[in-house]
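Trainee:
In UniProt numbering, the protein residues as written are 1 to 472.
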């Protein structure tokens, strides 16, 4: 099974770490690089500003994403070094560094791909998984640095683990899977001497230009922006927030993320849950939103469920092969009436998900810019919001390969400022991972929230099964 989770869920066996990071001459070239016309995406810009704000809190304010996989035998270190170099040159996002200028702007600086070189470092043997986890995180700086990505192998007698730890600034969920396949193909090419059969990779810089051009044309009166603003007004003028006490934002504890991962249901229960969703006019995802809405009612009598969910913004064949941050957040919102049941909420959630497809490329950060001065809107820069992500791991292309190489995707618990939820459906179990501020109040609230959610899901799956486990 593909492993998903946080760094603490990664349990590597002891071994010798050999790592590759940008060479000193490449770093010097980047420091001298001129400003580039291609801007950061709106999401990248706000992410970089948030990272800068959290530097003084003593915590990593940016999200580190990592893929790992195992291979037999001893690693060919020169071949792996060339593999990493080819990978970084293949995807133009890695040739970019962003600086915060005195006028408050965030500027991209770019070097030519041929100037990207890596250097190899032998860090010696590590005897425990905790030490390896700490080392990987400590050796990859945050998104304010160009070299916010690192690669390595953990060598053992008969096998080795490959890891690629990349700041979220340059990657997303799809890109993590692509990173794994790219590294495998490029390493195989280096060993065999044959060309790697990889599709052409699109330009993330070109995507950022397109995203900016699309959003710059939007105005407060644009229909897609009006839809966003109407939802914000119905939510008191703000982004969605889980109706629980997360504690006060008074220091590092709030800004340091805490996380939990737990099973929601086994596959038999997941199949029953999905059957109910289908019979109710929806799908598995809309059923999750319905269950989350019912769980929130345990804390507050709300007339509307409201959350954000990530969507993939790649829209061409070459972008489908490109590493970069190609996601946006879209709103999922639907009415919740006093007499609503799970089945009625599933249908509402499904309609809500369909209704926002036209918002795929509308950045909420642009919406907030346009909302300045709008009546009934009180949201400002630096906002955080409830986020719910769902991935059906069973449908990831090449998932069987990931199983065979013990592939995994992990991330650190970067300062969230809100509650983020990831639901991942595996062949045998569906899991829930939650990231939230590391405060006593938040831990207590999340414990109650999880109990309410599990109670809702258990009731749905139990009511649909007879003594033989079939749906009624």
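Glycine included, C-beta positions come from ideal geometry on N, C-alpha and C.
Among 403, 376, 289, which has the Cα closest to the Cα of residue 336?
Mentor: Nearest of 403, 376, 289 to residue 336, Cα basis: 289.
Trainee: In the DSSP assignment, what residue or residues form a beta bridge with residue 330?
Mentor: BP columns for residue 330 point to 309.
Trainee: Mind the definition here: the stretch 435 to 449 touches the stretch 239 to 251 only if three or more C-beta pairs lie below 8 Å; say whether that holds.
Mentor: Yes, they touch.
Trainee: Check whether the Cβ atoms of residue 261 and residue 85 lie closer than 7 Å to each other.
Mentor: In this structure, residue 85 does not lie closer than 7 Å to residue 261 by Cβ.
Trainee: Using CA atoms only, rank isn't needed, just tell me which of 281, 28, 314, 338 is closest to residue 300.
Mentor: Out of 281, 28, 314, 338, 338 has the C-alpha closest to the C-alpha of residue 300.
Trainee: Between which two residues does the alpha helix (DSSP H) holding residue 171 run?
Mentor: Run containing residue 171: none; DSSP gives neither H nor E here.
Trainee: Suppose contacts are defined by Cβ-Cβ distances below 7 Å. Is residue 318 in contact with residue 195 by that definition?
Mentor: It is not a contact, given that the beta carbons lie outside the stated cut-off.
Trainee: Alpha carbon to alpha carbon, how far is residue 278 from residue 7?
Mentor: So the alpha carbons of these two residues sit roughly 35 Å apart.
Trainee: DSSP three-state call for residue 299: helix, strand or coil?
Mentor: If DSSP states are grouped into helix, strand and coil, residue 299 belongs with coil.
Trainee: Kindly give me the distance between the Cβ atoms of residue 232 and residue 379, rounded to whole angstroms, as I take these residues to be in contact under 8 Å.
Mentor: So it is a contact: roughly 6 Å between Cβ atoms.
Trainee: Shortest alpha-carbon distance to residue 31 belongs to which of 76, 407, 107?
Mentor: Ranking the options by Cα distance to residue 31, first place goes to 107.
Trainee: When you compare only the Cα positions, how much space is there between residue 147 and residue 37?
Mentor: Cα to Cα, the separation comes out at about 21 Å.
Trainee: Can you name, in chain order, every residue of its own chain whose Cβ lies under 6 Å from the Cβ of residue 387, other than the five neighbours on each side?
Mentor: Only 308, 420 meet the Cβ criterion.
Trainee: I need the boundaries of the alpha helix (DSSP H) containing residue 100, first residue and last residue.
Mentor: Counting along the chain, residue 100 falls outside any alpha helix (DSSP H), though it belongs to the beta strand (DSSP E) covering 96 to 100.
Trainee: Given residue 189, which residues of its chain have a CB within under 7 Å of its CB, disregarding the five upstream and five downstream residues?
Mentor: Here the set comprises 195, 196.
Trainee: Give the single residue among 293, 211, 210, 224 whose Cα lies nearest to the Cα of residue 240.
Mentor: Ranking the options by Cα distance to residue 240, first place goes to 293.
Trainee: To which residues of the same chain is residue 126 closer than 8 Å at the C-beta, ignoring the five residues directly before and after it?
Mentor: These residues qualify, in order along the chain: 14, 15, 16, 17, 132, 135, 154.
Trainee: What ranges does the alpha helix (DSSP H) occupy inside the stretch 333 to 417, keeping only unbroken runs of at least 4 residues that lie completely in it?
Mentor: Those alpha helix (DSSP H) runs which fall completely within the stretch 333 to 417 and span 4+ residues are 342 to 355, 364 to 371, 399 to 404.
Trainee: In this structure, how does DSSP classify residue 215 when only helix, strand and coil are distinguished?
Mentor: Residue 215: helix per DSSP, three-state reduction.
Trainee: Where residue 328 and residue 157 are concerned, what is the direct C-alpha to C-alpha distance, given to the nearest angstrom?
Mentor: Computed Cα separation, rounded: 43 Å.
Trainee: According to DSSP, simplified to helix, strand and coil, what is residue 240?
Mentor: Note: residue 240 maps to coil in three-state DSSP.
Trainee: With a threshold of 6 Å, establish whether the CB of residue 434 neighbours any heavy atom of the ligand SAM.
Mentor: The ligand SAM is absent from the structure shown, which contains no ligands of any kind.
Trainee: With distance defined between alpha-carbon atoms, name the residue in 389, 321, 72, 114 nearest to residue 4.
Mentor: Measuring from the Cα of residue 4, the nearest candidate turns out to be 389.
Trainee: What alpha helix (DSSP H) runs, 4 residues minimum, are completely inside the stretch 152 to 205?
Mentor: Listed in chain order, the complete alpha helix (DSSP H) runs (minimum 4 residues) inside the stretch 152 to 205 are 173 to 192.
Trainee: On the DSSP bridge list, what partners appear for residue 150?
Mentor: Per DSSP, 165.
Trainee: Residue 325: which of 298, 172, 208 sits nearest, CA to CA?
Mentor: It is 172 whose Cα lies nearest to the Cα of residue 325.
Trainee: Among 412, 348, 440, whose alpha-carbon lies nearest the alpha-carbon of residue 304?
Mentor: Ranking the options by Cα distance to residue 304, first place goes to 348.
Trainee: How about residue 179 and residue 164: are their beta carbons less than 7 Å apart?
Mentor: It is a contact, given that the beta carbons lie within the stated cut-off.
Trainee: Leaving out the 5 sequence neighbours to the left and right, which residues in its chain are closer than 8 Å to residue 33 when beta-carbon positions are compared?
Mentor: Closer than 8 Å at the Cβ level, and outside the excluded window around residue 33, lie 97, 109, 110, 111.
Trainee: Since residue 20 sits in a beta bridge, which residues does DSSP pair it with?
Mentor: Paired residues: 120, 151.
Trainee: Looking only at C-alpha atoms, which of 116, 384, 149, 272 sits nearest to residue 24?
Mentor: Minimum Cα distance to residue 24 is reached at 116.
Trainee: Give every residue of the same chain whose Cβ lies closer than 7 Å to the Cβ of residue 187, excluding the five residues on either side of it in the sequence, and list them in chain order.
Mentor: 79, 80, 83.
Trainee: For residue 440, does the count of other Cβ atoms within 10 angstroms reach 16, so buried, or fall short, so exposed?
Mentor: Exposed is the call here.
Trainee: Between which two residues does the alpha helix (DSSP H) containing residue 106 stretch?
Mentor: Counting along the chain, residue 106 falls outside any alpha helix (DSSP H), though it belongs to the beta strand (DSSP E) covering 106 to 110.
Trainee: With DSSP run on the structure shown, which of helix, strand or coil describes residue 14?
Mentor: Looking at residue 14 - three-state DSSP - the assignment turns out to be coil, as it is neither helix nor strand.
Trainee: Taking the straight line between their C-alpha atoms, what separation do you get for residue 287 and residue 429?
Mentor: For residue 287 and residue 429, the distance between alpha carbons rounds to 16 Å.
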